[in-house]
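Chains F, A and V are the protein sequences, given in the same order.
Be aware that the first sequence starts at 493, since it is given in our numbering, and climbs by one per residue.
Be aware that the second sequence starts at 32, since it is given in our numbering, and climbs by one per residue.
Be aware that the third sequence starts at 167, since it is given in our numbering, and climbs by one per residue.
First the structure, in the form of structure tokens, and then the observations on it.
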Amino acid sequence: MTSAELLAAVQAKFPDVVEIPKTAGQVRGDELYLAVAPAKIAEVCRFIRLDPSLSFDFLSFLTSIDWKTHFEVVYYFVSTLHHHKLVFKVKVDDRINPEIPSVTPIWPAADWQEREVFDLMGIRFSGHYNMRRILLPDDWEGFPLRKDYVAKPDRYD
Amino acid sequence: MGILLDKGPLYVEHLPGGSIFLTAADSFINWARKSSIWPLTFGLACCAIEMMASYASKYDFDRFGVIPRPTPRQADLMIIAGTVTKKMAPRIELLYHQMPEPRFVISMGSCSNSGGPYFDAYSVCKGVDKVIPVDVYVPGCPPRPEALQQGVLTLQRKIQAYSMLAAAKRKAEPVA
Amino acid sequence: MVSQYGYVLLFAVFGLGFGALNILILSPLLRFTSGDQRQKIAYECGMEPIGTPYVPMDIRFYLYALLFVVFDVESLFLFPWAIVFRQLGVFAFADMSVFIAVLFLGLIYTWKRGALRWSSTTSLEAPLSSGGES
Numbered sequence: 493m494t495s496a497e498l499l500a501a502v503q504a505k506f507p508d509v510v511e512i513p514k515t516a517g518q519v520r521g522d523e524l525y526l527a528v529a530p531a532k533i534a535e536v537c538r539f540i541r542l543d544p545s546l547s548f549d550f551l552s553f554l555t556s557i558d559w560k561t562h563f564e565v566v567y568y569f570v571s572t573l574h575h576h577k578l579v580f581k582v583k584v585d586d587r588i589n590p591e592i593p594s595v596t597p598i599w600p601a602a603d604w605q606e607r608e609v610f611d612l613m614g615i616r617f618s619g620h621y622n623m624r625r626i627l628l629p630d631d632w633e634g635f636p637l638r639k640d641y642v643a644k645p646d647r648y649d
Numbered sequence: 032m033g034i035l036l037d038k039g040p041l042y043v044e045h046l047p048g049g050s051i052f053l054t055a056a057d058s059f060i061n062w063a064r065k066s067s068i069w070p071l072t073f074g075l076a077c078c079a080i081e082m083m084a085s086y087a088s089k090y091d092f093d094r095f096g097v098i099p100r101p102t103p104r105q106a107d108l109m110i111i112a113g114t115v116t117k118k119m120a121p122r123i124e125l126l127y128h129q130m131p132e133p134r135f136v137i138s139m140g141s142c143s144n145s146g147g148p149y150f151d152a153y154s155v156c157k158g159v160d161k162v163i164p165v166d167v168y169v170p171g172c173p174p175r176p177e178a179l180q181q182g183v184l185t186l187q188r189k190i191q192a193y194s195m196l197a198a199a200k201r202k203a204e205p206v207a
Numbered sequence: 167m168v169s170q171y172g173y174v175l176l177f178a179v180f181g182l183g184f185g186a187l188n189i190l191i192l193s194p195l196l197r198f199t200s201g202d203q204r205q206k207i208a209y210e211c212g213m214e215p216i217g218t219p220y221v222p223m224d225i226r227f228y229l230y231a232l233l234f235v236v237f238d239v240e241s242l243f244l245f246p247w248a249i250v251f252r253q254l255g256v257f258a259f260a261d262m263s264v265f266i267a268v269l270f271l272g273l274i275y276t277w278k279r280g281a282l283r284w285s286s287t288t289s290l291e292a293p294l295s296s297g298g299e300s
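Written out as structure tokens, the structure reads:
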């Protein structure tokens with residue numbers, strides 16, 4: 493399916509999903525980039541996985557960006573059946589207690605990737621069965637990859 | 032330390048021929064210790080690859096009597112090869128204390144010497160000597176296998192220089 | 167002669183005594199110790215050990231040891247018999263055949279009951295669990 497067809501298929505079911513157009517000078521691939529609201533992410537992901545014409549069965553990666561004013565969670569999907577790709581960008585505004593539904597029940601690959609996002613950026617994924625730190629020690633305070641993080645010196649420094 | 036080793040040399044030294052006996056015993060025991068150093072290989076990152084290369088056939092470590100052991104209970108050297116993160120540091124400390132004495136530590140590569148290229152990172156321990164005492168530092172990023180073997184040879188010289196009598200005297204007098 | 171076994175006793179005493187001397191007396195006097203209690207805790211790859219190191223032992227080891235003892239004692243009986251059985255005639259042969267036959271029946275029983283099987287999976291071509299599209 494081409495980008496236009498993908499966009500039409502997704503918007504038929506979820507009309508408030510918009511495309512993020514490529515701005516001039518932006519270095520980007522040809523994938524379709526869609527902006528999804530955080531509350532809807534689980535439903536939209538379930539739809540794109542189960543729908544036979546879309547059938548995005550491979551979550552390539554799940555990561556997050558700190559834009560200083562808000563967070564953004566990026567999902568990259570690939571369909572091994574139809575060989576098309578899709579990118580979701582989810583804007584999370586809350587900087588104190590960011591929370592977004594988890595897609596682990598849909599793609600098990602999201603499990604550790606969501607734990608990594610929580611560990612380093614602090615975004616909680618509701619509905620995740622094991623939301624705890626994965627890379628840093630369990631008693632670490634703070635989320636290092638945030639732009640406003642200040643490292644506290646300890647005995648290892 | 033054992034009673035014989037703590038007090039023995041101080042008395043034996045004063046016997047006729049005692050100091051000759053002590054130095055001869057020293058050179059024999061130190062030769063035995065340095066010729067069969069068995070490391071607990073603690074490969075953490077890229078330096079581990081160079082350490083594996085130095086164990087393999089081209090830069091053979093076995094000719095020095097160096098055989099890797101998987102458990103600290105059977106090892107007398109710990110080669111810290113790679114970046115020491117703050118999560119790993121308490122484990123290194125515990126493993127070091129689980130090694131039986133006499134035990135030695137070689138810090139291999141810049142990361143375990145001083146934090147290395149990741150010195151400014153929030154999660155990197157700035158040198159493994161913040162956790163355990165280090166005997167030999169091998170610089171490099173990563174050090175070549177010959178450099179690591181040079182480190183082990185330096186450690187051998189350090190072991191050969193150990194003197195029971197000097198250690199007993201150090202233990203006997205209070206720390207100045 | 168009793169005095170011949172005296173040499174064995176002497177050998178045993180000196181052997182055990184030398185071992186005990188080295189392990190219990192000389193070694194603690196001569197070795198280094200750091201005195202650190204962390205040296206004594208169980209090894210769990212640098213982590214604090216969870217639970218005790220005493221795990222229940224696999225019962226199959228006991229079964230094999232038991233079977234070994236039975237058949238080893240059987241072969242122990244066969245050795246002296248084999249040395250003198252020509253002089254004892256047919257009766258000894260028949261006697262020992264009965265003995266071996268009884269133990270052989272025991273072996274067949276053990277075999278049929280599956281005590282000699284180490285692993286409990288019934289077939290090598292067990293189907294893999296299907297992943298399935300969700």
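Every residue, glycine too, gets a C-beta built ideally from N, C-alpha and C.
The structure presented is a predicted model; accordingly, all values stated were derived computationally and were not measured.
Using the rule of at least 16 other Cβ atoms within 10 Å of the residue's Cβ for burial, across every protein chain shown, is TRP209(A) buried or exposed?
The structure shown has nothing for residue 209(A), since chain A only spans 32 to 207.
At a Cβ threshold of 8 Å, is HIS128(A) touching chain V?
Yes, its Cβ sits closer than 8 Å to a Cβ of chain V.
How would you label PRO174(A), buried or exposed, when you count the other beta carbons within 10 angstroms and need 16 or more for buried?
It is buried - the Cβ of PRO174(A) has at least 16 other Cβ atoms within 10 Å.
Would you list the residues sitting across from ILE592(F) in a DSSP beta bridge?
Answer is PHE617(F).
Comparing C-alpha positions only, which one of TYR149(A), THR72(A) and ALA79(A) sits nearest to LEU126(A)?
That would be THR72(A), whose Cα lies nearest to the Cα of LEU126(A).
On the criterion of 16 or more Cβ atoms from any shown chain inside 10 Å, does MET223(V) qualify as buried, or is it exposed?
It is exposed - the Cβ of MET223(V) has fewer than 16 other Cβ atoms within 10 Å.
DSSP three-state call for ILE540(F): helix, strand or coil?
If DSSP states are grouped into helix, strand and coil, ILE540(F) belongs with the helices.
Only counting the same chain, and skipping five residues up and downstream in sequence, which positions put a Cβ closer than 6 Å to that of VAL179(V)?
Cβ neighbours of VAL179(V) beyond the five flanking positions: none.
What are the residues in the region 191 to 210 of chain V lying within 7 Å of chain A by C-beta distance?
Here the close residues are PRO194, LEU195, LEU196, ARG197, PHE198, THR199, SER200, ASP202, ARG204, GLN205 and TYR209.
Residues in the same chain with beta-carbon distance under 6 Å from ALA76(A), minus the five sequence neighbours each way, listed in chain order, please.
So the qualifying residues of the chain are GLY113 and THR114.
Strictly below 8 Å CB to CB, what residues from chain V border THR102(A)?
Here the neighbours are TYR209.
Tell me whether MET82(A) sits in a helix, a strand or coil according to DSSP, three-state version.
MET82(A): helix per DSSP, three-state reduction.
Does the separation of the CB atoms of VAL565(F) and VAL582(F) fall below 8 Å?
Taking 8 Å as the Cβ cut-off, VAL565(F) and VAL582(F) qualify as a contacting pair.
On the three-state DSSP scale, how would you describe GLY297(V)?
Residue placement at GLY297(V) cannot be trusted, given a pLDDT of 43 that sits under 50; what the coordinates show is reported in the next sentence. GLY297(V) falls in the coil class under three-state DSSP.
If the criterion is Cβ atoms closer than 8 Å, does the pair TYR641(F) and CYS156(A) meet it?
Taking 8 Å as the Cβ cut-off, TYR641(F) and CYS156(A) do not qualify as a contacting pair.
Under the three-state reduction of DSSP, which class applies to LYS560(F): helix, strand or coil?
LYS560(F) falls in the coil class under three-state DSSP.
Determine, using beta carbons only, whether GLN187(A) comes closer than 8 Å to chain F.
With 8 Å as the cut-off, GLN187(A) does not count as an interface residue toward chain F.
Near TYR193(A), what residues of its chain come up, given a Cβ to Cβ distance below 6 Å and the 5 sequence neighbours on each side ignored?
For TYR193(A), where only same-chain residues beyond five positions count, the Cβ hits under 6 Å are ASN61.
Applying a beta-carbon distance threshold of less than 9 Å, which residues of chain A neighbour ALA534(F)?
What ALA534(F) touches in chain A: nothing, since even the nearest Cβ is about 32 Å away.
State buried or exposed for GLY297(V), treating a residue as buried only when at least 16 other CB atoms are found within 10 Å of its CB.
Interpretation of GLY297(V) is limited by its pLDDT of 43, a score under 50 that renders its predicted location unreliable; the figure taken from the coordinates is listed afterwards. That one is exposed.
For VAL528(F) and TRP632(F), what's the separation of their Cα atoms in angstroms?
Spanning the two alpha carbons is a distance of roughly 31 Å.
Please say whether LEU41(A) and ALA203(A) have beta carbons closer to each other than 8 Å?
Yes, they are a contact pair.
If I follow the unbroken alpha helix (DSSP H) through LYS200(A), where does it start and stop?
From DSSP, the alpha helix (DSSP H) with LYS200(A) extends over 195 to 203.
Against GLY217(V), what residues of chain A qualify as contacts under a CB-to-CB distance less than 8 Å, listed in chain order?
Ordered by position in chain A, no residue passes the 8 Å Cβ test against GLY217(V), which lies about 17 Å from the chain.
In the structure shown, what three-state DSSP assignment does ALA292(V) receive?
Residue placement at ALA292(V) is flagged as unreliable, the pLDDT there being 44, under the threshold of 50; the coordinate-derived value follows with that caveat. ALA292(V) falls in the coil class under three-state DSSP.
Contact defined as beta carbons within less than 8 Å: I believe ASP216(A) pairs with PRO133(A). What is the distance between those atoms, to the nearest angstrom?
Outside the displayed range of chain A (32 to 207) lies residue 216(A), so it cannot be described from this structure.
Can you give the Cα-Cα distance for MET139(A) and SER594(F), rounded to whole angstroms?
So the alpha carbons of these two residues sit roughly 42 Å apart.
Just to make sure I have the definition right: I need the residues of chain F whose C-beta is within less than 7 Å of the C-beta of LYS117(A). Which are they?
The answer, in chain order, is PRO629 and TYR648.
Below 7 Å between beta carbons is the criterion; list the residues of the region 144 to 159 of chain A that meet it against any residue of chain F, in chain order.
Listed in sequence order: TYR153, SER154, CYS156 and LYS157.
Please determine if the region 49 to 57 of chain A and the region 180 to 188 of chain A are in contact, where contact requires at least 3 C-beta pairs separated by less than 8 Å.
As far as the Cβ criterion goes, the region 49 to 57 of chain A does not touch the region 180 to 188 of chain A, which means the pair count is below three.
By the criterion of Cβ-Cβ separation under 7 Å, what are the contact partners of ALA643(F) in chain A?
In chain order: TYR153.
With DSSP as the reference, identify every bridge partner of MET109(A), one or two as the case may be.
Looking at the DSSP assignment, MET109(A) forms a beta bridge with LEU71(A) and VAL136(A).
The beta strand (DSSP E) with VAL584(F) in it runs from where to where?
Looking at the DSSP string, the run of the beta strand (DSSP E) that includes VAL584(F) is 577 to 584.
Going by the DSSP bridge assignment, what does TYR641(F) pair with across the sheet?
According to DSSP, which records beta bridges pairwise, TYR641(F) is partnered with nothing at all.
Using a threshold of 8 Å, state whether the C-beta atoms of LEU573(F) and LEU526(F) are closer than that.
Not closer than 8 Å, so no.
Determine the extent of the alpha helix (DSSP H) in which TYR168(A) is found, giving its start and end residues.
Segment 167 to 169 is the beta strand (DSSP E) holding TYR168(A); no alpha helix (DSSP H) there.
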